[in-house]
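Novice: With numbering that gives the first Met the number 0, letter number 71 in the sequence shown gets 70, and the count goes up by one each step, no holes.
Note that the Cβ used here is the ideal one computed from N, Cα and C, for glycine as well.
Treat the numbers as computed from the prediction; the structure is a model and nothing was measured.
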Amino acid sequence: MNAIMEKSEVYFTNLRTTPNSNLLDKMEHLVRKAGITHIDFKNQFTAIKIHFGEPGNLAYIRANYAARMANLLRNLEAKPFLTDCNTLYS
0 MNAIMEKSEV YFTNLRTTPN SNLLDKMEHL VRKAGITHID FKNQFTAIKI
50 HFGEPGNLAY IRANYAARMA NLLRNLEAKP FLTDCNTLYS
C-alpha cells in the first residue's frame with residue numbers, strides 16, 4: 000500500500016530573547032501562528048498536558064508556561080486544566 004502523506008507545517012523559533020520578546024511571548028506567538036485561535040474552545044474543558052517533574056529532575060514544563068497557555072485558552076473561552084500521566088515506580 001502506497002500511502003501518500005501530506006507535508007506538515009513546522010514552526011520554529013530560536014531561544015534568543017530581547018526586552019520586547021521573551022520566551023513566553025515566543026511560545027504564544029507560535030501557538031497562535033499554528034492556528035489555536037481558529038479552534039472553537041467555547042465552554043470546552045481543555046487539557047494542558049504537562050509533566051510535573053520528579054525530585055532532582057529539571058526536564059519539566061515550568062509553571063509560568065502552563066499559566067500563559069491557560070490564560071490564552073481562557074481568553075478563547077475554554078476551561079483549561081492541567082493534567083499529567085505519571086509513572087509509579089516500585
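#1: Taking the straight line between their C-alpha atoms, what separation do you get for H37 and N19?
#2: Which residues bound the beta strand (DSSP E) around A46?
#3: In this structure, does DSSP put K32 in helix, strand or coil?
#4: Leaving out the 5 sequence neighbours to the left and right, which residues in its chain are closer than 8 Å to Y10 when beta-carbon positions are compared?
#5: Would you call the CB atoms of I49 and I60 closer than 8 Å?
#6: In the DSSP assignment, find the unbroken alpha helix (DSSP H) run with L72 in it and report its ends.
Specialist: Let me spell this out:
#1: 26 Å
#2: F44 to K48
#3: helix
#4: L29, K32 and A33
#5: yes
#6: A62 to N74
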